[in-house]
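Report on the structure given below.
Residue numbers (the numbering used here): 12 to 545.
Pasting the structure below:
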């Protein structure tokens, strides 16, 4: 537990700074271009390279490449160095080709991901922005492979801190656009404006990749291009990775439907389309990104080694510790998101090109996403159990079922709800689908490792939710008190609500959880107390 906490603390610190600067980035973005037509066009173009990377690399990275690098380090005579060099060479060449083809296919990609008519001004702006943003595919992918190699060497700092550089570069770009650009009116935007927004976004990814490459060199990795594909184990990678790619294809089809429905809603109600969905989803992902990703990144290599050595007891122990550690913070945060959503988004997005009602709607979407936080985190942990066994087929079926349920619920809710509530319906469908998906994944993973000690985990979660109830009550009371005394939410009122409901609420949770003897919270409190004591 202490080793996991130390590794998690290093990564969480970097991720925290990354997410904070990411907040500033989205604040500057929303202030500069708004959440209406131009904001939707930018966010649609920005989402496409990440979808392609998910399809080609990022899913395979955690489920296939990391375990294969670990095995090469354990069994190859050179400790896996030649294999790592081949992997980086192949990735670089392949992603440069993918980036070039994607730029050429930008009109087709925008047509697939949105409900906008080809030839419309919003469509043409999105296509041009995509052409400037899609070259980042090559740099992001190379950086991701470099980060994976660093993680297998227990070097977690750089992969978590490199995105900070990316955010700082993009913040400067959007501040520059706010000064010299044409504002939020999509009808006034020029090619120069779009080049600044698109190429500036790509420049951030270039800087992030350079940081990771430098860190890899400092870790002792010497890059020598290797094209001897016979020793690259591509057959083994393809055999294992085909199922992961299948999983990513399924999830990306679901994402494509989500963006299409959100873009259609934005056509009907300005400011209620892709941008509020994207901004709320980014906020929803923050706790998972800080807590969940940090623990998962440290957990997967250790679980892979335990599986390779046949130590199933260690796999169960590692998984149980990870679930409880993540949930000890995810549970109160999820409840706070459900109560304080608008109070969070008004200070972030209720300024510049955005109105306070625009920011409140983003907060309403965030409130619904709060329901999904704990199920989503547990779902992701469960997938890593299968990946540690080299099993990438089972997650495809789990993901296909989850995505199918999500797609069906999204469509039904989109049809049933007024357009102004459509994006909130998308978030609700997401929460229900991942809750059901987590139940299915738990059952299948438990069969694989001969039990996941569900009773103990369930009891721990129950105690965490009971400990978080006073926090939710305090947060609700702060919202009621501030709105009753001072009127609706504005910047100052939201800050007051967050200070009382969020700040004091989390302290209250830690105190109650400590008294209820929740070990994970006690470990976190003890670690902080020792550092403060020093």
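Beta carbons: idealized from backbone N, C-alpha and C, even for Gly. Computed from a predicted model, the values in this text were never measured in an experiment.
Outcome for residue i when other beta-carbon atoms lying within 10 angstroms are tallied against a minimum of 16
{"i": "residue 410", "result": "buried"}
{"i": "residue 497", "result": "exposed"}
{"i": "residue 458", "result": "exposed"}
{"i": "residue 527", "result": "exposed"}
{"i": "residue 402", "result": "buried"}
{"i": "residue 389", "result": "buried"}
{"i": "residue 88", "result": "exposed"}
{"i": "residue 123", "result": "exposed"}
{"i": "residue 228", "result": "exposed"}
{"i": "residue 172", "result": "buried"}
{"i": "residue 202", "result": "exposed"}
{"i": "residue 279", "result": "exposed"}
{"i": "residue 543", "result": "Confidence at residue 543 is low in this model, with a pLDDT of 43, below 50, so its placement is unreliable and no value can be given for it."}
{"i": "residue 108", "result": "exposed"}
{"i": "residue 381", "result": "buried"}
{"i": "residue 131", "result": "exposed"}
{"i": "residue 196", "result": "exposed"}
{"i": "residue 359", "result": "buried"}
For residue i, three-class secondary structure by DSSP
{"i": "residue 280", "result": "coil"}
{"i": "residue 166", "result": "coil"}
{"i": "residue 233", "result": "coil"}
{"i": "residue 101", "result": "helix"}
{"i": "residue 362", "result": "coil"}
{"i": "residue 47", "result": "coil"}
{"i": "residue 88", "result": "coil"}
{"i": "residue 429", "result": "coil"}
{"i": "residue 462", "result": "coil"}
{"i": "residue 65", "result": "helix"}
{"i": "residue 403", "result": "coil"}
{"i": "residue 194", "result": "coil"}
{"i": "residue 355", "result": "helix"}
{"i": "residue 349", "result": "helix"}
{"i": "residue 321", "result": "coil"}
{"i": "residue 327", "result": "helix"}
{"i": "residue 571", "result": "Here the chain covers residues 12 to 545 and nothing more, so residue 571 does not appear."}
{"i": "residue 116", "result": "coil"}
First through last residue of the alpha helix (DSSP H) which encompasses residue i
{"i": "residue 198", "result": "Run containing residue 198: none; DSSP gives neither H nor E here."}
{"i": "residue 132", "result": "132–144"}
{"i": "residue 457", "result": "433–459"}
{"i": "residue 298", "result": "285–298"}
{"i": "residue 212", "result": "202–229"}
{"i": "residue 125", "result": "Unbroken run through residue 125: none, as it is neither H nor E."}
{"i": "residue 370", "result": "367–380"}
Integer-rounded CB distance, given that residue j should sit under 8 Å from residue i
{"i": "residue 28", "j": "residue 175", "result": "5 Å"}
{"i": "residue 128", "j": "residue 134", "result": "6 Å"}
{"i": "residue 473", "j": "residue 517", "result": "No, residue 473 and residue 517 are not in contact; Cβ-Cβ is about 20 Å, not under 8 Å."}
{"i": "residue 184", "j": "residue 211", "result": "3 Å"}
{"i": "residue 407", "j": "residue 261", "result": "7 Å"}
{"i": "residue 468", "j": "residue 335", "result": "7 Å"}
{"i": "residue 204", "j": "residue 215", "result": "Wrong, their Cβ atoms sit about 17 Å apart, outside the cutoff."}
{"i": "residue 263", "j": "residue 65", "result": "6 Å"}
{"i": "residue 231", "j": "residue 347", "result": "Wrong, their Cβ atoms sit about 43 Å apart, outside the cutoff."}
{"i": "residue 50", "j": "residue 41", "result": "7 Å"}
{"i": "residue 125", "j": "residue 286", "result": "Not really, about 12 Å apart at Cβ, beyond 8 Å."}
{"i": "residue 438", "j": "residue 291", "result": "7 Å"}
{"i": "residue 178", "j": "residue 308", "result": "The pair is not a contact, with the Cβ atoms about 19 Å apart (cut-off 8 Å)."}
CB contact below 8 Å: residue i versus chain B
{"i": "residue 37", "result": "Although the question refers to chain B, the structure presented lacks it and comprises just one protein chain."}
Residue i CB to nearest heavy atom of the ligand FMN below 7 Å
{"i": "residue 63", "result": "In the structure shown, the ligand FMN is absent, as is every other ligand, since no ligand is present at all."}
- Hey, which unbroken runs of the alpha helix (DSSP H) at 4 residues or more fall wholly within the segment 467–525? 502–508
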